[in-house]
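Input: a single structure, listed below in structure tokens.
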Amino acid sequence: MNLYNKLKRQSERVLPIGDKLVLRGLRFHGFHGVHPEENKLGQKFVVDVDAWLDLHKAGQTDNLVDTISEQMGERVLPIGDKLVLRGLRFHGFHGVHPEENKLGQKFVVDVDAWLDLRIAGQTDNLVDTISYTEIYRLVKEIVEGPPQNLLESVAHRIASSALSKYPQVSAVRVEVKKPNVAVHSTIDYLGVEILRYQSHEE
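Residues in the sequence shown are numbered consecutively from 1, following the UniProt record's numbering.
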């Protein structure tokens, strides 16, 4: 394949958008490679996985069975102005295991809220935008609130509350991560990421 056709094929690929399960930094010891010493001694492999799924139903029902559902329809990625909150850390009691509900664990949340910031940029007045503190408190109340079985449900509650409370927000992206997960491997975090639109909320 020549360079032109290769670039053409790459340009025709579209990155999925919307809800997804997120696994980061999965570490394993394997014996893959073309060299004999790799097959004999092995080495560390680090894997990241994004699995795009429609998590809307799972977020509403808080049911693990609903996490794997039908293929989601086409969505348009929001563009334009947005408020950005990264690395919000809370202690919550969400999870399907009894020890998670009893002992709790750390949760890390990222939020993007799309809205028109032009007026606030011109007036330099807080009344013309949304305070980061208000969104932080909204997230804190949900993450530190009543336990949910699924991260999908936690993320859905955050997104739904933000869209309901702030009608000027056209879309919101929420990522909820669990950095301390009891799996048989070293891992950075597991999580979910959802994208919700004002017009799609009931």
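A virtual CB, placed ideally from N, CA and C, is assigned to each residue, including glycine.
Values in this document were obtained by computation on a predicted structure and should not be read as measured data.
Under the three-state reduction of DSSP, which class applies to residue i: helix, strand or coil?
i: D188; result: coil
i: Q168; result: coil
i: K176; result: A small correction: the amino acid at residue 176 is Val; Lys does not occupy that position in the sequence shown. Here V176 sits in strand by DSSP.
i: D19; result: coil
i: V47; result: strand
i: I130; result: coil
Taking the alpha-carbon positions, what's the residue i to residue j distance?
i: V96; j: Q43; result: 33 Å
i: F129; j: I79; result: Checking the sequence, you will find Thr at residue 129 rather than Phe. Whole-angstrom Cα-Cα distance: 17 Å.
i: residue 204; j: R24; result: Since the first and last residues shown for the chain are 1 and 202, residue 204 lies out of range.
i: N101; j: V143; result: 13 Å
i: F45; j: L88; result: 29 Å
i: K8; j: L21; result: Residue placement at K8 cannot be trusted, given a pLDDT of 48 that sits under 50; what the coordinates show is reported in the next sentence. Their Cα atoms are separated by approximately 29 Å.
i: S189; j: H94; result: What sits at residue 189 in the sequence shown is Tyr, not Ser. Going by the C-alpha atoms only, they are around 15 Å apart.
i: E99; j: L117; result: 43 Å
i: residue 203; j: G191; result: The structure shown does not extend to residue 203, since the chain is modelled only from 1 to 202, so the question has no answer here.
i: V174; j: R27; result: 25 Å
i: A159; j: S170; result: 11 Å
i: V172; j: E193; result: 11 Å
i: G92; j: P36; result: 47 Å
i: H29; j: I187; result: 13 Å
i: D124; j: H32; result: 57 Å
i: Q122; j: Y197; result: 26 Å
i: T133; j: S185; result: 36 Å
i: S164; j: L103; result: 31 Å
i: L41; j: V34; result: 13 Å
i: I135; j: A162; result: 7 Å
i: E152; j: K82; result: 22 Å
i: Q168; j: A120; result: 13 Å
i: V127; j: V84; result: 18 Å
At which residues does the alpha helix (DSSP H) containing residue i begin and terminate?
i: H156; result: L151 to K165
i: Q122; result: R118 to T123
i: L115; result: Where L115 is concerned, there is no enclosing alpha helix (DSSP H), given that its DSSP letter is neither H nor E.
i: P78; result: P78 -> no alpha helix (DSSP H), and no H or E assigned at all.
Between which two residues does the beta strand (DSSP E) carrying residue i extend?
i: G145; result: Run containing G145: none; DSSP gives neither H nor E here.
Is there at least one non-hydrogen atom of the ligand GDP closer than 6 Å to the beta-carbon of residue i?
i: L190; result: As far as ligands go, the structure on display features none, and thus does not contain the ligand GDP.
The stretch 176-192 in contact with the stretch 102-112 per 3-pair CB rule at 8 Å: yes
task: Spell out a yes or no on whether the stretch 37-51 and the stretch 134-154 are touching, meaning 3 or more CB-CB pairs, one atom from each, closer than 8 Å.
output: no
- prompt: Quick check: the stretch 144-152 against the stretch 113-132, are there 3 or more CB pairs under 8 Å?
  reply: no
- request: Within the stretch 82-111, note down every full beta strand (DSSP E) run reaching 3 residues or more, in order along the chain.
  value: 82-92
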